[in-house]
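Trainee: Can you read through this structure? Questions will come right after.
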Amino acid sequence: MKTQYYTASSLDGFIATEDDSLEWLFPLANLEDSSYPEFIAEVGALAMGSATYEWMIRNAATVAAETGSPWPYTQPAWVFTSRTLSAIEGADIRFVKGDVRQVHEEMRAAAGTKNIWIVGGGDLAGQFHDAGLLDELIVQIGSVTLGRGKQLFPRRVLSPILRLTSVRQMGAGMVELRYEVGK
Ligand SMILES: NC(=O)c1ccc[n+]([C@@H]2O[C@H](COP(=O)([O-])OP(=O)(O)OC[C@H]3O[C@@H](n4cnc5c(N)ncnc54)[C@H](OP(=O)(O)O)[C@@H]3O)[C@@H](O)[C@H]2O)c1
Numbered sequence: 002m003k004t005q006y007y008t009a010s011s012l013d014g015f016i017a018t019e020d021d022s023l024e025w026l027f028p029l030a031n032l033e034d035s036s037y038p039e040f041i042a043e044v045g046a047l048a049m050g051s052a053t054y055e056w057m058i059r060n061a062a063t064v065a066a067e068t069g070s071p072w073p074y075t076q077p078a079w080v081f082t083s084r085t086l087s088a089i090e091g092a093d094i095r096f097v098k099g100d101v102r103q104v105h106e107e108m109r110a111a112a113g114t115k116n117i118w119i120v121g122g123g124d125l126a127g128q129f130h131d132a133g134l135l136d137e138l139i140v141q142i143g144s145v146t147l148g149r150g151k152q153l154f155p156r157r158v159l160s161p162i163l164r165l166t167s168v169r170q171m172g173a174g175m176v177e178l179r180y181e182v183g184k
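For the sequence shown, my numbering assigns the number 2 to the initial residue and increments by one for each residue that follows.
The following block contains the structure:
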């Protein structure tokens, strides 16, 4: 069982524009041609911050057209927020706040032998890393730059370095890098 931060980023390290747009990403990748199907098959629980959750709500029609459902996850999900957010009908979601360690315990119990996916954003993944709970970073780097935006991973990780374990090119538009987090 691993805790994995799996995400797409621009070459200059942003996972969304400042106003939470992902329009730059869609022309670069087709989910079905990526590692996503094999990745998600091994996920037993997932967590995201409220900006990511609210993106899903705002783009429910697009998500449904792509995946067949406005909430494409069958796994239990934890959404971090200090506010009261509306739930998506039929989605298995718990709204939580504060320390990620207790939530991670709950996620582990739910995931069993499967992996835990930190969907984003970058600071939430950083909170799991701060607590020593992040095992792997899997980043699809798109061949574009955004200049500004929501950061991939706003942390300083110097020693031990992240250990590069695989590089997979997906045409001219993307490369997937996998890193193990040193403990
Ligand atoms: N490129 C990709 O593959 C990819 C992947 C994932 C996400 N995204 C996009 O990237 C953007 C990420 O946005 P973001 O960087 O702002 O991150 P985010 O993690 O989605 O949202 C951040 C917000 O979550 C809440 N939060 C975080 N940690 C918390 C904690 N411990 N307790 C309580 N609340 C907590 C806070 O908001 P409140 O307390 O005010 O609710 C915080 O401002 C979104 O647009 C998303 O759609 C892209």
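We put the CB at the ideal spot given by N, CA and C, even for glycine.
Can the beta-carbon of T53 be found less than 8 Å from the beta-carbon of G122?
Mentor: Closer than 8 Å, so yes.
Trainee: Take every Cβ of the region 121-135, pair it with every Cβ of the region 42-60, and state whether three or more of those distances are shorter than 8 Å.
Mentor: Yes, the region 121-135 is in contact with the region 42-60.
Trainee: Between which two residues does the beta strand (DSSP E) holding A46 run?
Mentor: Here the beta strand (DSSP E) through A46 covers V44 to G50.
Trainee: Could you tell me if F154 is buried or exposed, where buried requires 16 or more neighbouring beta carbons within 10 angstroms of its beta carbon?
Mentor: F154 comes out buried.
Trainee: For L138, which residues from the same chain have a beta carbon less than 6 Å from its beta carbon, with the 5 sequence-adjacent residues on both sides left out?
Mentor: So the list reads Y6 and Y180, once near-sequence residues are dropped.
Trainee: According to DSSP, what are the bridge partners of G143?
Mentor: Per DSSP, M175.
Trainee: From the DSSP output, in three-state form, read off L153 for me.
Mentor: Reduced to three states, the DSSP call for L153 is coil.
Trainee: Is the beta carbon of I94 within less than 7 Å of some heavy atom of ligand 3?
Mentor: Ligands present in the displayed structure are limited to ligand 1, and ligand 3 is not among them.
Trainee: I believe T18 touches L147 by the beta-carbon criterion, under 8 Å. Please report the beta-carbon distance rounded to the nearest angstrom.
Mentor: At roughly 6 Å, the Cβ-Cβ gap stays under 8 Å, so T18 and L147 are in contact.
Trainee: Could you compute how far the alpha carbon of S10 sits from the alpha carbon of R157?
Mentor: Cα to Cα, S10 sits roughly 17 Å from R157.
Trainee: Count the other C-beta atoms from every protein chain shown that fall within 10 angstroms of the C-beta of G150, then say buried if there are 16 or more, exposed otherwise.
Mentor: The residue is buried, with at least 16 neighbouring Cβ atoms inside 10 Å.
Trainee: Given K3, which residues of its chain have a CB within under 8 Å of its CB, disregarding the five upstream and five downstream residues?
Mentor: Around K3: N116, I117, D136 and E137.
Trainee: Going by DSSP, what residue range makes up the beta strand (DSSP E) through A9?
Mentor: From DSSP, the beta strand (DSSP E) with A9 extends over T4 to S10.
Trainee: Assuming contact is defined by CB atoms lying nearer than 8 Å, are L26 and G143 in contact in what I supplied?
Mentor: In this structure, G143 lies closer than 8 Å to L26 by Cβ.
Trainee: Are the beta-carbon atoms belonging to V145 and L23 less than 8 Å from one another?
Mentor: Not closer than 8 Å, so no.
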